[in-house]
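What follows is a short report on a single structure.
There are 2 protein chains.
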Amino acid sequence: MATDTSSNGAPDRVSRIRNGLLLAILEHRLLPGTKLGEDEIGQIYDASRTLVRAALQQLAHEGIVEIEKNRGAFVASPSPREARETFEARCLIEGAIVERAVAARSETWRTRLDDQLTAEADAEARGDHRAAIRLSGEFHLLVAEMADHELYYSLLRELVARTSLTILLYRRHRVHFCGVDHHRLITDAIVSGDAVRAKALMIDHLKEIEAELDLSETEENSASLADILQG
Amino acid sequence: MATDTSSNGAPDRVSRIRNGLLLAILEHRLLPGTKLGEDEIGQIYDASRTLVRAALQQLAHEGIVEIEKNRGAFVASPSPREARETFEARCLIEGAIVERAVAARSETWRTRLDDQLTAEADAEARGDHRAAIRLSGEFHLLVAEMADHELYYSLLRELVARTSLTILLYRRHRVHFCGVDHHRLITDAIVSGDAVRAKALMIDHLKEIEAELDLSETEENSASLADILQG
DNA sequence: AACGCGATTTTTGTATACGATTAGATTTAT
DNA sequence: ATAAATCTAATCGTATACAAAAATCGCGTT
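Heads up: the sequence lines are chains A and E, in that order. So in the working numbering, the last spot in the first sequence is 231, and the numbers never skip. So in the working numbering, the last spot in the second sequence is 231, and the numbers never skip.
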């Protein structure tokens with residue numbers, strides 16, 4: 001399941017840059033709002049600004065990076081509204097995905113899901129938060145891969161990345177139960193063929209993550225600033 | 001509801017190129033498979049290849065243009081599989097959209113929907129197929145705008161564009177009932193507040209369009225070519 | 001010491017140049 | 001005459017150069 005644009009084996013240079021940045025964002029090594037200077041990135045990956053720009057524009061279209069005209073690219077900071085919309089879309093799409101995943105269940109997939117859960121548990125057990133947060137997203141993508149629906153898969157990949165940023169910005173408590181146990185339950189329902197239960201569990205799982213966030217409207221800072229200082 | 005990337009009033013040059021190409025594709029003036037040479041487009045819009053490339057890459061990410069390495073950009077030709085996935089995704093997303101649209105109904109929106117239907121009927125009446133096909137898609141986008149969900153809106157915009165290409169490639173009969181009457185029924189259900197009926201009508205409408213297409217697997221041309229010539 | 005203004009430096013936007021790849025035409029050999 | 005091979009023209013991939021905008025710093029004023 002290559003993430004490169006062109007499906008030939010050649011991992012073109014812009015995909016290398018894109019994937020490097022994406023991984024750093026997904027693992028929370030690059031935080032929302034971080035400036036992504038073209039020259040700076042170019043030096044790191046030994047590429048010209050032309051290629052860096054292409055990579056940044058791809059990420060911008062995926063909603064993971066924001067480009068401000070004449071100011072440059074930054075790691076995106078989804079607004080509370082965008083966050084809510086992302087979760088709503090995920091419930092909708094992942095609901096459809098699990099139904100398809102149940103239909104596609106097999107021994108092979110059971111093994112892959114098990115391996116995934118093991119990897120997640122391992123990362124959490126040894127306190128590797130960066131791997132844990134990344135693997136947590138990868139579970140959802142694995143289910144999407146099962147569903148054998150290219151469009152749903154690519155949509156979800158973007159949504160998962162945005163969710164990662166959202167959690168970082170809005171979570172209430174420092175630690176976040178990445179939900180390996182939830183993932184376990186969902187997996188059980190899928191492999192046992194219980195589509196209704198699997199769907200319900202998946203949606204509950206997503207809603208629970210959303211509930212752990214504080215998405216109250218901090219109405220666009222600047223506008224409220226006057227009110228706050230007046231009150 | 002600007003379609004430009006940067007939401008400031010300045011319609012940057014790459015958006016102009018992008019929108020020009022998109023409109024031509026949506027109105028079926030550019031057909032699937034058409035080569036989109038960088039220099040050629042650059043001369044038309046009086047822009048350098050740098051800007052043209054940016055526009056083409058945007059359209060590629062939206063699935064409306066396909067870029068083949070070292071060969072250039074072409075108007076996309078969705079495969080039957082991609083076509084089916086597009087329709088499935090539209091049913092899912094537009095189902096959610098109409099429910100939200102019903103919740104948002106008002107006199108103002110009733111008027112805008114009416115105007116839209118009038119414009120569609122007009123275009124069909126005077127035989128302006130290009131406008132008709134474009135307006136037909138715009139109806140769905142208007143409902144999405146009602147739903148007040150930025151993410152759903154932008155997803156649907158891509159799906160509608162892909163649908164336009166799909167219809168052109170796979171429709172059975174030359175003429176296609178663009179479905180102003182369907183749109184009328186959906187509108188009635190929305191303004192009357194009948195969410196269940198509106199959703200059912202919308203999904204039926206989409207399934208009917210899909211049913212008018214011939215999406216049988218014509219197995220990837222090249223692979224079958226050998227078989228055909230041997231037989 | 002704080003603020004505002006202007007020069008300098010950095011960074012982005014766009015065009016263009018050059019090497020690499022592909023497609024098409026012409027030639028050559030079977 | 002057909003098919004393979006080679007050459008040529010057109011097109012893409014990438015780097016770089018230059019212009020324009022923004023950010024930074026330093027200076028002088030209050």
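Think of the CB as a built atom: it goes at the ideal place given N, C-alpha and C, for glycine as much as any other residue.
task: List the endpoints of the continuous beta strand (DSSP E) containing A:Gly-72.
output: Here residue 72 of chain A is taken as the residue at index 72 of the first sequence, counted from 1. Counting along the chain, the beta strand (DSSP E) containing A:Gly-72 begins and ends at 72 to 75.
- prompt: Which one of E:Thr-108, E:Glu-85, E:Arg-105, E:Ala-96 has the shortest CA to CA distance from A:Leu-100?
  reply: Position 100 of the first sequence, counted from the start, is the residue given in the question as residue 100 of chain A. Position check: residue 100 of chain A holds Arg in this sequence, whereas Leu was assumed. Comparing Cα positions, the closest option is E:Glu-85.
message: A:Ala-104 and A:Ile-148 - do their beta-carbons sit closer together than 7 Å?
response: Here the question's residue 148 of chain A lines up with position 148 in the first sequence. Here the question's residue 104 of chain A lines up with position 104 in the first sequence. It should be pointed out that residue 148 of chain A corresponds to Asp in this sequence rather than to Ile. Yes, Cβ-Cβ distance for A:Asp-148 and A:Ala-104 is below 7 Å.
- prompt: Are the C-beta atoms of A:Ala-147 and some chain E residue less than 7 Å apart?
  reply: Locating residue 147 of chain A in the first sequence gives position 147, counting from the first residue. It does not; no Cβ of chain E falls within 7 Å.
task: Give the secondary structure of E:Arg-81 by DSSP, where H, G and I count as helix, E and B as strand, and everything else as coil.
output: By 1-based counting over the second sequence, the position of residue 81 of chain E is 81. Secondary structure of E:Arg-81 (DSSP, three-state): helix.
message: By the DSSP assignment, the beta strand (DSSP E) with E:Ile-67 in it spans what residues?
response: Here residue 67 of chain E refers to the residue found at position 67 of the second sequence. Its beta strand (DSSP E) spans residues 65 to 68.
Other residues of its chain near E:Leu-206: CB distance less than 8 Å, five sequence neighbours each side excluded: The residue you call residue 206 of chain E lines up with position 206 of the second sequence. Same-chain partners within the cutoff: Phe-87, Arg-90, Cys-91, Glu-94.
query: So, do the segment 130 to 150 of chain A and the segment 44 to 52 of chain A have three or more beta carbon pairs nearer to each other than 8 Å?
result: Cβ pair count under 8 Å is below three, so no.
query: Count the other CB atoms within 10 Å of the CB of E:Gly-72; is the residue buried (16 or more) or exposed (fewer)?
result: One-based indexing of the second sequence puts residue 72 of chain E at position 72. By the beta-carbon neighbour count (other beta carbons within 10 angstroms, threshold 16), E:Gly-72 is exposed.
- request: Using a Cβ cut-off of 7 Å (strictly closer), state whether E:Leu-92 contacts chain A.
  value: For the purposes of this step, residue 92 of chain E is taken as residue 92 along the second sequence, with counting starting at 1. Yes - at least one Cβ of chain A is within 7 Å of the one on E:Leu-92.
- prompt: Taking just the CA atoms, how far does A:Val-180 sit from A:Ala-121?
  reply: Numbered from 1 along the first sequence, position 121 holds the residue referred to as residue 121 of chain A. Numbered from 1 along the first sequence, position 180 holds the residue referred to as residue 180 of chain A. A straight-line Cα-Cα distance of about 7 Å links A:Ala-121 and A:Val-180.
message: DSSP three-state label for E:Leu-31, please.
response: On the second sequence, position 31 is the one that residue 31 of chain E refers to. The answer is coil: DSSP assigns E:Leu-31 none of H, G, I, E or B.
message: Does any residue of chain A have a CB that is nearer than 7 Å to the CB of E:Leu-165?
response: Against the second sequence, residue 165 of chain E aligns to sequence position 165. Against chain A, the CB of E:Leu-165 has no partner CB under 7 Å away; the residue lies outside that interface.
query: Whose C-beta lies closer than 7 Å to the C-beta of A:Ala-223 among residues of the same chain, with five residues either side of it excluded?
result: Taking the first residue of the first sequence as position 1, residue 223 of chain A is located at position 223. Residue placement at A:Ala-223 is flagged as unreliable, the pLDDT there being 47, under the threshold of 50; the coordinate-derived value follows with that caveat. Cβ within range, chain order: n/a, list empty.
- request: List the residues of chain E whose Cβ lies closer than 8 Å to the Cβ of A:Tyr-170, in chain order.
  value: Within the first sequence, numbered from 1, the residue matching residue 170 of chain A stands at position 170. Those do not exist, as A:Tyr-170 stays about 17 Å from chain E at its closest Cβ, beyond 8 Å.
query: Alpha carbon to alpha carbon, what distance is there between E:Tyr-152 and E:Arg-110?
result: Here residue 110 of chain E corresponds to residue number 110 of the second sequence, with the count starting at 1. Here residue 152 of chain E corresponds to residue number 152 of the second sequence, with the count starting at 1. Each residue's alpha carbon lies about 21 Å from the other.
query: Which residues in chain E sit within 9 Å of A:His-234, going by Cβ to Cβ distance?
result: Only positions 1 to 231 of chain A appear in this structure, which leaves residue 234 of chain A out of reach.
- request: Using three-state DSSP, classify E:Leu-168 as helix, strand or coil.
  value: Position 168 of the second sequence, counting from 1, holds the residue named residue 168 of chain E. Three-state DSSP puts E:Leu-168 in a helix.
- request: Measure the C-alpha to C-alpha separation of E:Gly-63 and A:Leu-169 and round it to an integer number of angstroms.
  value: The sequence position of residue 63 of chain E within the second sequence is 63, counting from 1. The sequence position of residue 169 of chain A within the first sequence is 169, counting from 1. Taking the straight line from one Cα to the other gives about 31 Å.
- prompt: When burial is assigned at 16 or more other CB atoms within 10 Å of the CB, is A:Asn-221 buried or exposed?
  reply: One-based indexing of the first sequence puts residue 221 of chain A at position 221. Caution applies to A:Asn-221, whose pLDDT of 48 falls short of 50 and renders its modelled position unreliable; the model cannot decide the point.
field: Closer than 7 Å at the beta carbon, the chain E residues around A:Leu-151
entry: By 1-based counting over the first sequence, the position of residue 151 of chain A is 151. The contacting residues are Glu-85, Thr-86, Ala-89.
- prompt: A:Leu-213 by DSSP, collapsed to three states: which one?
  reply: Taking the first residue of the first sequence as position 1, residue 213 of chain A is located at position 213. Reduced to three states, the DSSP call for A:Leu-213 is strand.
message: Give me the residue from E:Thr-108, E:Thr-163, E:Asp-12, E:Ile-97 with the minimum Cα distance to E:Ser-79.
response: What you label residue 79 of chain E is simply residue 79 of the second sequence in a count that begins at 1. The candidate whose alpha carbon is nearest that of E:Ser-79 is E:Thr-163.
message: Looking only at its chain, what residues have a beta carbon closer than 8 Å to the beta carbon of E:Glu-38, apart from the 5 residues adjacent to it on each side?
response: The sequence position of residue 38 of chain E within the second sequence is 38, counting from 1. So the qualifying residues of the chain are Arg-49, Val-52, Arg-53, Leu-56, Gly-72, Ala-73.
Boundaries (first-last residue) of the alpha helix (DSSP H) holding A:His-183: Working through the first sequence from its first residue, we reach residue 183 of chain A at position 183. Taken as a continuous stretch (DSSP letters only), the alpha helix (DSSP H) holding A:His-183 covers 180 to 191.
query: Can you tell me where the alpha helix (DSSP H) with E:His-140 in it begins and where it stops?
result: The count along the second sequence starts at 1 and reaches residue 140 of chain E at position 140. It spans 129 to 146 - the alpha helix (DSSP H) in which E:His-140 sits, taken as one unbroken run.
query: Taking 6 Å as the cut-off, is the CB of E:Ala-47 close to at least one heavy atom of the ligand SAM?
result: The ligand SAM is not among the ligands present in this structure, which contains no ligands whatsoever.
message: Measuring straight from C-alpha to C-alpha, what distance separates A:Gln-230 and A:Ala-83?
response: Within the first sequence, residue 230 of chain A is the residue found at index 230, counting from 1. Within the first sequence, residue 83 of chain A is the residue found at index 83, counting from 1. Legend: pLDDT at A:Gln-230 = 45, less than 50; position of this residue unreliable, value from coordinates given subsequently. Using only the alpha carbons, I get a separation of about 29 Å.
- prompt: Quick one: is E:Gly-127 buried, meaning 16 or more other Cβ sit within 10 Å of its Cβ, or exposed?
  reply: Reading the second sequence from its first residue, position 127 is the one you call residue 127 of chain E. Its Cβ having fewer than 16 others within 10 Å, E:Gly-127 is exposed.
- request: Decide if A:Ile-41 is buried, meaning its Cβ has at least 16 other Cβ atoms within 10 Å, or exposed.
  value: In the first sequence, counting from the first residue as 1, residue 41 of chain A sits at position 41. Here A:Ile-41 is buried. Its C-beta has 16 or more other C-beta atoms within 10 Å.
message: So if I threshold CB-CB distances at 9 Å, which residues from the segment 47 to 80 of chain E count as touching chain A?
response: Listed by position, the residues of the segment 47 to 80 of chain E near chain A (Cβ gap below 9 Å) are Thr-50, Arg-53, Ala-54, Gln-57, Gln-58, Ala-60, His-61, Glu-62, Gly-63, Ile-67, Glu-68, Lys-69.
CB-CB length for A:Ile-186 against A:Ala-198, believed under 8 Å: Start at 1 with the first residue of the first sequence, and residue 186 of chain A comes out as number 186. Start at 1 with the first residue of the first sequence, and residue 198 of chain A comes out as number 198. A:Ile-186 to A:Ala-198, Cβ: 6 Å. Contact.
query: By how many angstroms is the C-alpha of A:Leu-36 removed from the C-alpha of A:Ile-44?
result: Reading the first sequence from its first residue, position 44 is the one you call residue 44 of chain A. Reading the first sequence from its first residue, position 36 is the one you call residue 36 of chain A. If I take the Cα positions, the gap works out to 12 Å.
field: Partner residues on chain E for A:Ala-96, Cβ-Cβ distance less than 7 Å
entry: Looking up residue 96 of chain A in the first sequence gives position 96. In chain order: Leu-92.
query: In terms of residue numbering, what span does the alpha helix (DSSP H) encompassing E:Gly-37 cover?
result: The residue given as residue 37 of chain E occupies position 37 in the second sequence. For E:Gly-37, there is no enclosing alpha helix (DSSP H), as DSSP gives it neither H nor E.
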